[in-house]
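S.K.:
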Amino acid sequence: MTILLIEDNPADVEMIREMLSEIKGLPFDMVCADRLLSAKPHIQEGGIDVILLDLGLPDSQGLQTLTQLKVLSGDVPVVVLTMLDNEETGLKALKEGAQDYLVKGQINGPLIARSMRYAIERGRNENELKRQRDSLEILVLNKETMLREIHHRVKNNLQLITGLLDMACMNSSDEAANGILTDIMLKIQTMAQIHNRLYESKQFGKINITEQCRDQVTALSTIFSEGKEIICNITPEDVFLTVDQALPCALVINEILSNAYKYAFKGRKSRTIDLSIVQENNRLRITIWDNGVGLPDNFDIGQSKSLGITLIKTIVQHQLKGSIRFGSRQGTKISMEFPVMGTGT
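Residue numbers (numbering that gives the first Met the number 0): 0 to 344.
This is the structure:
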């Protein structure tokens, strides 16, 4: 065991050396320094197993001595030596990175040896934990980088498909076919937006569903407004969802908004959609309310054979584990509610 004793009192140096020499089976080498400056070459040379440090030195006093030494010594464990009336400083030293402290006047050889062994073992354990933690952090970073790249590539592939569908629409004069292609294109575009948000997100794995809605409104307005402005008011509250919930949620919102843009405002001068997103007690409630013509008088959600309505009900009930309600008073009001899983704002 190689010990660096930083102590400016020759009597204390000799006392500690004698105490340790009296212990059988404790081979040790001790190098001494009377101040931090003279200790620096010994530390730089390496091979020090433990440092015994007096906090009161000619070139440094108090806990500042420990702070400066930690910068020099790195991972070498430190045992602080305090005066009898200054034990509180020893306790503070533990918080600042010392492995142990000893009170002068209350020490003997076995106590010093035990403290040094404890400091070395604890320091070794801390270094191993730090190494493992650093390895895990690197592993997590690498996996996040890989996942971001995957989301980026998925987004690019989905955008390529969207582009092909758009080209098909431009080259087709069949309005019914173009309508189907446009609906498919919007769903794929919504999925691409989610993957793009995951790629760019600083909170990896979380999607700001409020911002996602704003992007969807912009895309729908471009396609369906046809020169007639539709005002869409979106709640300012930012709500975050995991990708497992964000993707199906965004698809439902896309379906509801698409239907509103296409059918709700025929013959109407006032065109407004209010989109409210509220999270309370780990449940999310999304309400989309337009001031359009409303649902047909004989509309029954349970009997509806509409593919869009079936898609909405299936996603909300089975994927989001939630419920959905339709209303038709001064327009159409659709409200869905589901539990928020595994994330927060």
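Backbone N, C-alpha and C fix where the C-beta goes; we use that ideal spot for every residue, glycine too.
Tell whether a beta-carbon distance below 8 Å holds between Gly363 and Met335.
M.R.: The shown model of the chain, from 0 to 344, leaves out residue 363, and the question about it has no answer.
S.K.: Assuming Thr81 and Leu54 make a contact with CB atoms under 8 Å, what is their CB distance in whole Å?
M.R.: If you number the sequence shown from 1, residue 81 lands on position 82. If you number the sequence shown from 1, residue 54 lands on position 55. Correct: roughly 7 Å between the Cβ atoms.
S.K.: Does the separation of the CB atoms of Asp33 and Asp7 fall below 8 Å?
M.R.: By 1-based counting over the sequence shown, the position of residue 33 is 34. By 1-based counting over the sequence shown, the position of residue 7 is 8. Yes.
S.K.: Is it buried or exposed for Pro247, if we count other Cβ within 10 angstroms and need 16 for buried?
M.R.: In the sequence shown, the residue the question calls residue 247 occupies position 248. Buried, since its Cβ has 16 or more Cβ neighbours within 10 Å.
S.K.: Pick helix, strand or coil for Val75, following the three-state DSSP scheme.
M.R.: Residue mapping note: residue 75 aligns to position 76 of the sequence shown, counting from 1. Residue state, collapsed to three classes: coil.
S.K.: Return the CA-CA distance between Lys91 and Gln98, expressed in angstroms with no decimal places.
M.R.: Here residue 91 is taken as the residue at index 92 of the sequence shown, counted from 1. Here residue 98 is taken as the residue at index 99 of the sequence shown, counted from 1. Each residue's alpha carbon lies about 11 Å from the other.
S.K.: Excluding the five sequence neighbours on either side, which residues of its own chain have a C-beta within less than 6 Å of the C-beta of Ile15, listed in chain order?
M.R.: As a first step, residue 15 must be located in the sequence shown, where it is residue number 16. Nothing meets the Cβ criterion.
S.K.: Report the three-state DSSP secondary structure of Met166 (helix, strand or coil).
M.R.: For the purposes of this step, residue 166 is identified with residue 167 of the sequence shown, where counting begins at 1. Three-state result, Met166: helix.
S.K.: Measuring CB to CB, does Leu250 end up less than 8 Å from Thr189?
M.R.: Taking the first residue of the sequence shown as position 1, residue 250 is located at position 251. Taking the first residue of the sequence shown as position 1, residue 189 is located at position 190. Taking 8 Å as the Cβ cut-off, Leu250 and Thr189 qualify as a contacting pair.
S.K.: Please classify Gly89 as buried or exposed, where buried requires at least 16 other C-beta atoms within 10 Å of its C-beta.
M.R.: Residue numbering aside, residue 89 sits at position 90 when the sequence shown is read from its first letter. So Gly89 ends up on the buried side.
S.K.: By the three-class DSSP mapping on this structure, what secondary structure does Pro109 have?
M.R.: Numbered from 1 along the sequence shown, position 110 holds the residue referred to as residue 109. Note: Pro109 maps to helix in three-state DSSP.
S.K.: For Arg267, which residues of its own chain have a beta-carbon under 8 Å away from its beta-carbon, when the five flanking residues on both sides are left out?
M.R.: Your numbering for residue 267 matches position 268 in the sequence shown. Same-chain partners within the cutoff: Asn290, Gly291 and Val292.
S.K.: Can at least three beta-carbon pairs, one atom from the segment 194 to 205 and one from the segment 271 to 287, be found at a separation below 8 Å?
M.R.: No, the segment 194 to 205 does not touch the segment 271 to 287.
S.K.: Can you tell me whether Leu54 is helix, strand or coil according to DSSP?
M.R.: In the sequence shown, residue 54 corresponds to position 55, counting from 1. Coil, per DSSP.
S.K.: Kindly indicate the opening and closing residues of the beta strand (DSSP E) around Glu95.
M.R.: Residue numbering aside, residue 95 sits at position 96 when the sequence shown is read from its first letter. No beta strand (DSSP E) holds Glu95; DSSP gives it neither H nor E.
S.K.: When burial is assigned at 16 or more other CB atoms within 10 Å of the CB, is Gln43 buried or exposed?
M.R.: Position 44 of the sequence shown, counted from the first residue, corresponds to residue 43. That one is exposed.
S.K.: Looking at the structure shown, is Glu17 part of a helix, part of a strand, or coil, going by DSSP?
M.R.: For this step, residue 17 is matched to residue 18 along the sequence shown. DSSP places Glu17 in helix when its eight states are reduced to three.
S.K.: Out of curiosity, what's the CA-to-CA distance linking Asn258 and Leu138?
M.R.: For the purposes of this step, residue 258 is identified with residue 259 of the sequence shown, where counting begins at 1. For the purposes of this step, residue 138 is identified with residue 139 of the sequence shown, where counting begins at 1. The straight-line gap from Cα to Cα measures roughly 45 Å.
S.K.: Please list the terminal residues of the continuous alpha helix (DSSP H) segment that includes Phe223.
M.R.: Taking the first residue of the sequence shown as 1, we reach residue 223 at position 224. Taken as a continuous stretch (DSSP letters only), the alpha helix (DSSP H) holding Phe223 covers Ile208 to Phe223.
S.K.: Taking all protein chains shown into account, do 16 or more other C-beta atoms lie within 10 angstroms of the C-beta of His317, making it buried, or fewer, making it exposed?
M.R.: Your numbering for residue 317 matches position 318 in the sequence shown. The residue is exposed, with fewer than 16 neighbouring Cβ atoms inside 10 Å.
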